[in-house]
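Numbering (the numbering used here), first residue to last: 6 to 217.
Glycine included, C-beta positions come from ideal geometry on N, C-alpha and C.
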């Protein structure tokens with residue numbers, strides 16, 4: 006009886022997470038489309054908004070205001086990414102870069118999520134890597150904003166791809182194995198992972214095209 010209740014609770018969290026994640030991605034896409042011709046946002050403003058709004062959503066995750074905070078966070082990210090996509094779409098070969106980045110992001114997310122769901126493995130062993138990776142990448146991002154080091158931003162993009170992939174496996178495993186029971190927190194983590202995958206792939210494909 007207890008096991009059945011646990012399975013039902015896990016399925017509920019998983020379902021609510023994917024529903025909210027889908028709505029969040031849709032809202033971000035809408036905001037990106039609306040603001041695609043706007044001026045790019047200052048990197049420091051984006052970094053502050055990304056961290057601040059994601060932290061706010063986590064703080065409010067156990068109340069109804071948590072949902073509003075999630076959409077504030079994902080809407081802000083969509084607003085910020087819109088001008089970036091707009092610039093790509095106006096350059097030669099830019100459309101294919103965006104399409105490839107979207108396709109790559111979807112393939113990686115679906116592949117990793119499917120693997121975690123089918124195997125039902127516990128990826129808690131990735132916790133240390135994720136914690137260390139978050140610190141290293143945050144320092145690297147700040148350094149890249151201060152110093153202009155050739156090839157450094159591409160290395161950061163590759164690092165974020167690995168980090169986001171590990172986070173998808175870890176978070177999905179946590180939901181499946183009952184380690185995460187708050188679908189708002191799970192949504193924030195998966196959304197941030199998808200965002201990092203997409204931006205990283207954009208940069209990598211741009212570098213491979215010779216436009217970097």
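Going by other Cβ atoms of all chains shown within 10 Å of its Cβ, with 16 needed for buried, is residue i buried or exposed?
{"i": "residue 110", "result": "buried"}
{"i": "residue 14", "result": "exposed"}
{"i": "residue 147", "result": "exposed"}
{"i": "residue 31", "result": "exposed"}
{"i": "residue 217", "result": "Residue confidence is low: residue 217 scores 49 on pLDDT, short of 50, so the model does not pin down where it sits. No coordinate-derived value is stated."}
When the distance is taken between beta carbons, is residue j closer than 8 Å to residue i?
{"i": "residue 87", "j": "residue 93", "result": "no"}
{"i": "residue 127", "j": "residue 182", "result": "yes"}
{"i": "residue 41", "j": "residue 91", "result": "yes"}
{"i": "residue 169", "j": "residue 202", "result": "yes"}
{"i": "residue 51", "j": "residue 85", "result": "yes"}
{"i": "residue 193", "j": "residue 75", "result": "yes"}
{"i": "residue 77", "j": "residue 189", "result": "no"}
{"i": "residue 117", "j": "residue 209", "result": "no"}
{"i": "residue 171", "j": "residue 113", "result": "no"}
{"i": "residue 89", "j": "residue 45", "result": "yes"}
{"i": "residue 18", "j": "residue 191", "result": "yes"}
{"i": "residue 4", "j": "residue 195", "result": "Past the edges of the chain, shown from 6 to 217, lies residue 4, and the structure says nothing about it."}
Which whole-angstrom value describes the C-beta separation of residue i and residue j, a residue pair presumed to lie in contact below a C-beta threshold of 8 Å?
{"i": "residue 199", "j": "residue 22", "result": "Not quite, the Cβ-Cβ distance comes to about 13 Å (not below 8 Å), so this is no contact."}
{"i": "residue 207", "j": "residue 106", "result": "4 Å"}
{"i": "residue 175", "j": "residue 132", "result": "7 Å"}
{"i": "residue 65", "j": "residue 71", "result": "4 Å"}
Are any of the Cβ atoms in chain B nearer than 8 Å to that of residue i?
{"i": "residue 64", "result": "In the structure shown, chain B cannot be found, because there is only a single protein chain."}
Three-pair Cβ contact test at 8 Å for the segment 64–82 versus the segment 31–51: Between the segment 64–82 and the segment 31–51 there are three or more C-beta pairs closer than 8 Å, enough to call the two in contact.
Any chance the segment 162–170 sits against the segment 135–150, with 3 or more Cβ pairs inside 8 Å? The count of Cβ pairs closer than 8 Å, one atom from the segment 162–170 and one from the segment 135–150, reaches three, so the stretches are in contact.
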